[in-house]
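From first to last, the protein sequence lines are chains A and B. Throughout, the working numbering is defined as the position within the first sequence, counted from one, plus 32. Throughout, the working numbering is defined as the position within the second sequence, counted from one, plus 150. Note that CB positions come from ideal geometry on N, CA and C, so glycine has one too. Treat the numbers as computed from the prediction; the structure is a model and nothing was measured. What follows is a short report on a single structure.
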Amino acid sequence: LQKKRILVVDDEADIRNLINIFLRGKGYEVTTASNGDEALTKAALEKPDLVLLDILMPEMSGFDVCTSLKKNADTARVPVIMCSVLARNEDRTKAFQVGAASYLTKPFNFEAAARVIEDILRGK
Amino acid sequence: MMGSSWLDQCYGEAHKQARVELRKSGIAVVGDVPWGTHLCQFYQTREDLLDVLVPYFKAGLENNEFCMWITSEPLKVEDAWASLRKAITNLEDYLRNGQIEIFDYAQWYARSGRFEPSRVLQGWVEKETRAVNRGFDGLRLSGNTFWLQKKDWRDFADYEAAVDNLIGKYRMIALCSYSLDRSGASEIIDVMTAHRLALIRREGKWEVVETAEHKRMEDALRESQEQFRELLEASKDGISVNIETKLVYLNKSCAELLGFSDRSQLVGRDFLEFVAPEDREMVKTRSLAREGGGEVPALYEFKIQRKDGTTVPVETHATAIEYQGKRATLSFRRDITERKRMEEELRRYSASLEQLVAERTGKLAQSERRFRELVDLLPQIVFEIDDKDNLTFLNQTGMTSTGYGEDDLRRGLSAFQMFAPQEHDRAREKMRNLLAGEKVSSDEYTVVRKDRSTFPAIVYAAPVVVENRTVGVRGVVCDIIERQGIQKERLGLQAAKTNFITSATHELKTPLVSIKGYTDLVLSGSLGEVPAWLRNSLEPISRNAERMLRLISDLMDLQRLDTAMLKLAMENLDLAEVVRESIEDILLVVKGKKQQLESEVPNAVLKVYGDKVRLGQVMLNLLSNSTKFTPEGGKITVAVSQEADRFRVSVSDTGIGIEEDYLPQLFEPFFKIPKTIHVEGTGLGLSVAKRLVKMHGGEISAESEGEGKGATFTFTIPKA
Numbered sequence: 033l034q035k036k037r038i039l040v041v042d043d044e045a046d047i048r049n050l051i052n053i054f055l056r057g058k059g060y061e062v063t064t065a066s067n068g069d070e071a072l073t074k075a076a077l078e079k080p081d082l083v084l085l086d087i088l089m090p091e092m093s094g095f096d097v098c099t100s101l102k103k104n105a106d107t108a109r110v111p112v113i114m115c116s117v118l119a120r121n122e123d124r125t126k127a128f129q130v131g132a133a134s135y136l137t138k139p140f141n142f143e144a145a146a147r148v149i150e151d152i153l154r155g156k
Numbered sequence: 151m152m153g154s155s156w157l158d159q160c161y162g163e164a165h166k167q168a169r170v171e172l173r174k175s176g177i178a179v180v181g182d183v184p185w186g187t188h189l190c191q192f193y194q195t196r197e198d199l200l201d202v203l204v205p206y207f208k209a210g211l212e213n214n215e216f217c218m219w220i221t222s223e224p225l226k227v228e229d230a231w232a233s234l235r236k237a238i239t240n241l242e243d244y245l246r247n248g249q250i251e252i253f254d255y256a257q258w259y260a261r262s263g264r265f266e267p268s269r270v271l272q273g274w275v276e277k278e279t280r281a282v283n284r285g286f287d288g289l290r291l292s293g294n295t296f297w298l299q300k301k302d303w304r305d306f307a308d309y310e311a312a313v314d315n316l317i318g319k320y321r322m323i324a325l326c327s328y329s330l331d332r333s334g335a336s337e338i339i340d341v342m343t344a345h346r347l348a349l350i351r352r353e354g355k356w357e358v359v360e361t362a363e364h365k366r367m368e369d370a371l372r373e374s375q376e377q378f379r380e381l382l383e384a385s386k387d388g389i390s391v392n393i394e395t396k397l398v399y400l401n402k403s404c405a406e407l408l409g410f411s412d413r414s415q416l417v418g419r420d421f422l423e424f425v426a427p428e429d430r431e432m433v434k435t436r437s438l439a440r441e442g443g444g445e446v447p448a449l450y451e452f453k454i455q456r457k458d459g460t461t462v463p464v465e466t467h468a469t470a471i472e473y474q475g476k477r478a479t480l481s482f483r484r485d486i487t488e489r490k491r492m493e494e495e496l497r498r499y500s501a502s503l504e505q506l507v508a509e510r511t512g513k514l515a516q517s518e519r520r521f522r523e524l525v526d527l528l529p530q531i532v533f534e535i536d537d538k539d540n541l542t543f544l545n546q547t548g549m550t551s552t553g554y555g556e557d558d559l560r561r562g563l564s565a566f567q568m569f570a571p572q573e574h575d576r577a578r579e580k581m582r583n584l585l586a587g588e589k590v591s592s593d594e595y596t597v598v599r600k601d602r603s604t605f606p607a608i609v610y611a612a613p614v615v616v617e618n619r620t621v622g623v624r625g626v627v628c629d630i631i632e633r634q635g636i637q638k639e640r641l642g643l644q645a646a647k648t649n650f651i652t653s654a655t656h657e658l659k660t661p662l663v664s665i666k667g668y669t670d671l672v673l674s675g676s677l678g679e680v681p682a683w684l685r686n687s688l689e690p691i692s693r694n695a696e697r698m699l700r701l702i703s704d705l706m707d708l709q710r711l712d713t714a715m716l717k718l719a720m721e722n723l724d725l726a727e728v729v730r731e732s733i734e735d736i737l738l739v740v741k742g743k744k745q746q747l748e749s750e751v752p753n754a755v756l757k758v759y760g761d762k763v764r765l766g767q768v769m770l771n772l773l774s775n776s777t778k779f780t781p782e783g784g785k786i787t788v789a790v791s792q793e794a795d796r797f798r799v800s801v802s803d804t805g806i807g808i809e810e811d812y813l814p815q816l817f818e819p820f821f822k823i824p825k826t827i828h829v830e831g832t833g834l835g836l837s838v839a840k841r842l843v844k845m846h847g848g849e850i851s852a853e854s855e856g857e858g859k860g861a862t863f864t865f866t867i868p869k870a
């Protein structure tokens, strides 16, 4: 059984690293990207099974990245979980509007986040 | 009497009534009769004649009547005298007094050799007049028709009808003798028709026959005369008949008008006595001219001088009539004192009204000018549009800011010319609505100036209603180009602020997310076993990072709530579910403090319209407050009850309680009850809860019996 591959996009290196450690610990294969451009390139190249996408990033926001992913036929079907330190209703709404499969507020409870990821990968 | 109009009859009747008196007929079966009685007698013998006529004339003589006996076969003049002399001992006295004349028929009826009815009639009237002038009460006469030939019968019957008609108007009593032997059936019928009463001897006794036709006519006449008399008497107008200016008849109102209660004193007096001196000549001239057949106005006014000397203005309506054969004047007079007074009052009133109107008009003009000047001073455009969409008025600002002038308005200017083409439909619909009764409207439009340049504006408009009819629209146009600038600026500021809050939250939280994340990662044991000494040092890091994150969240929430930037994600939801989930979330903490948690939540769907996350946040804030301020082993109770239009959620505890003085301040940010135990918290939970509840249309409150007696927090939320 091949490991599921997750693309983690966050401009904060410490957080990228934290999530990386946590997800590897859960048995996933993890790739990271520190900005929108890199994320789109890696997503197209590596075709991950899931993208964990931060919203607030310089240059290109998570919303823009998600919109582009959904526009591109190669990546349109990849589920995206958007996350942010902001717990605003309007962000949550917008995330679903641009095609996100879920929305998590950081810092997330590791176990709860693991359950969400697992459910989405199983196609629930 | 020649005419027979109702007036003539009426006055004739009244005239007669005025001297109603009964005369002795002298004939036993007839008894007393009034003046104007026309009798007849059918005789066969000379004795029949004497039997009736002698007592008839005897009664006349005894009652101061002038008597005229026209006799013929079978009774000669001498026989008549002889019979009278026998019956009346003092006949000579009457003769000397000239009270009785006896003629042969030829001397009276046919003086010229043939019967001339009009001459005979005239003769009777003259006799009556002379008799009255000589001091007698009236005329009593008798005529015999024995002389009458068949060929003259028709003429005589007409004559008798004329007598019957005439006699009623004079102080006359007539008795006509007819020979029964010489009268056929048709003659008898004619005679009966012409006379009121007929005397016929039957079996030796005289009987009276009242002719039915005659009686019926007389009754009808009397009845109609009665009605007219009543009408005249009931009239409020003073009605009189004057011959020349002498009063010969007047009704009650006329007497009252002249100041008399008894009208009998007035008959025969000169009406001019009662005309005010200044009008006397005019009234006299007109009366005489009218009677003489001259053209005189029928309606005019003059003043009456009453018996007591006071004067009364009257309006008179006078007509020339014939009365008792003479030219006379019939007048209707009406007291017009009240009318004069009202006319005067009306004149004064209308004069003062005119003055009032003049004053008001002046004031109106002044007020109109004042408003006009004010309207011109306004920095906004003021306009009026008629119901044909023509612009009919623009104030000074309107003209300067649009470039249109009085000339343009005069030439006719469609109001739509002042709106951008793409807004015409909207403007037209608005105009229609206003004309149809919409009270007031305010909308944004792009106004087009005469030089085709434009500016954005808000148009406030209202219908112009005149006498319940909408005749147009008027309103104010505000140039909002400046306001738009200010608004943009404000929006810019708002955006900057939102941006600031977002960035600050992000920047503050991001390092904490790392701190807490790595700490929890180590604590989770997934990187290797964590010894107790290390755990004891890492846990406070995690806990405080968590607390800091919450503090930042609450602070940002509060800020966004106060600036109305926090948006609720409203949906229909089950309040019971929200309550149950928050209880589950806090359960671990409660158990950790060995506290008891009871809930009384109805086993039903409690529909509300709200933000699930935010309502959960309110619940969690209240629950964590309770558990924090309640000692180990205490009890927390959650209850949900419902009222007509809302649910009431309460969280009670057996904790440290709150002094009454502090209750109102509990919901203020960072408020801490002095000298209480230090408890971990952001100090913002209740403030945020209060604002969130308010945003949901509910209320939140706190109650406590006092220190050490626990507390209850309650919030309400409207039912969906």
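Quick check on the DSSP output: the beta strand (DSSP E) that includes residue i runs from which residue to which?
i       : result
E679(B) : Per DSSP, E679(B) belongs to no beta strand (DSSP E) and is neither H nor E.
Q567(B) : Per DSSP, Q567(B) belongs to no beta strand (DSSP E) and is neither H nor E.
E142(B) : A question about residue 142(B) goes unanswered here, because the residues of chain B that appear run from 151 up to 870.
F797(B) : R796 to D803
Take residue i and list the residues in its own chain whose beta-carbon comes closer than 8 Å to its own, dropping the five residues that flank it on each side.
i       : result
V180(B) : L189, L347, L349 and V358
E782(B) : K743, K744 and Q745
A119(A) : T137
H165(B) : A caution first: H165(B) carries a pLDDT of 40, below 50, which makes its placement in the model unreliable, though a value can still be read off. So the list reads K319, V398, Y399 and Q474, once near-sequence residues are dropped.
How is the alpha helix (DSSP H) around residue i delimited, first residue to last?
i       : result
K277(B) : P267 to N283
H574(B) : H574 to L585
F521(B) : T487 to L527
D340(B) : A335 to A344
Y309(B) : W303 to I317
F605(B) : Run containing F605(B): none in the alpha helix (DSSP H); it sits in the beta strand (DSSP E), T604 to V616.
G742(B) : L725 to G742
I193(A) : Since the displayed chain A opens at 33 and closes at 156, residue 193(A) lies outside it and no answer follows.
V627(B) : Unbroken run through V627(B) is the beta strand (DSSP E), R619 to D629; no alpha helix (DSSP H).
A108(A) : From DSSP, A108(A) is part of no alpha helix (DSSP H); its letter is neither H nor E.
I53(A)  : A45 to G57
With respect to 6 Å, is the separation between the Cβ of residue i and the closest non-hydrogen atom of the ligand PLP below this value?
i       : result
T713(B) : With respect to the ligand PLP, the structure shown offers nothing to examine, as it has no ligands at all.
For residue i, which residues in chain A fall below 9 Å Cβ to Cβ?
i       : result
G667(B) : D46, I47, L50, I51, F54, K138, P139, F140 and F142
S592(B) : Going along chain A, no residue has its Cβ under 9 Å from S592(B), so there is no contact; the nearest lies around 30 Å.
L641(B) : Here the premise fails: no neighbours, minimum Cβ distance about 17 Å.
If you drop the 5 nearest sequence neighbours on each side, which residues of the same chain put their C-beta closer than 6 Å to that of residue i?
i       : result
Y244(B) : L211 and I250
Run through chain B and tell me which residues come within less than 7 Å of residue i, C-beta to C-beta.
i       : result
V117(A) : T655, H656, K659, T660 and V663
L88(A)  : H656
N67(A)  : Under the 7 Å cutoff, chain B gives no residues; its nearest Cβ is about 15 Å from N67(A).
Using a C-beta to C-beta distance shorter than 7 Å, which residues of chain A count as neighbours of residue i?
i       : result
T652(B) : L118
D670(B) : F142
S703(B) : A119
Within a Cβ cutoff of 7 Å, which residues of the same chain sit near residue i, ignoring the five residues on either side of it in sequence?
i       : result
M89(A)  : D43, N67 and G68
V532(B) : V525, N545, G548 and V626
V62(A)  : I38, V40, N52, L55 and R56
L408(B) : L416, F424, I454, R456 and K457
E731(B) : G766
P529(B) : T547
A230(B) : W219, T221 and I252
Identify the contact partners of residue i in chain B, using a Cβ-Cβ distance below 9 Å as the criterion.
i       : result
E122(A) : K717 and A719
G57(A)  : L671, S674, S676 and L677
Can you pull the chain B neighbours of residue i, defined as C-beta to C-beta under 8 Å?
i       : result
T125(A) : A719
Could you round the C-beta distance between residue i and residue j to whole angstroms and report it? I think they count as a contact, below 8 Å.
i       : j       : result
L584(B) : S591(B) : 6 Å
- [ ] State whether the segment 640 to 656 of chain B contacts the segment 617 to 630 of chain B, with contact taken as three or more CB pairs (one from each stretch) at a distance under 8 Å.
- [x] No, the segment 640 to 656 of chain B is not in contact with the segment 617 to 630 of chain B.
Open item on the list: With three or more C-beta pairs closer than 8 Å as the rule, is the segment 118 to 125 of chain A touching the segment 69 to 85 of chain A?
Closed with: No: the two stretches stay apart, fewer than three of their Cβ pairs being nearer than 8 Å.
Task: Segment contact, 8 Å Cβ cut-off, at least three pairs: the segment 721 to 737 of chain B with the segment 756 to 774 of chain B - done: A contact exists between the segment 721 to 737 of chain B and the segment 756 to 774 of chain B.
Open item on the list: Does the contact criterion of 3 or more C-beta pairs under 8 Å hold for the segment 648 to 660 of chain B versus the segment 702 to 711 of chain B?
Closed with: Segments in contact, yes.
Open item on the list: Does the structure place the segment 674 to 684 of chain B close enough to the segment 630 to 645 of chain B that three or more beta carbon pairs sit under 8 Å?
Closed with: They do not touch, by the three-pair rule.
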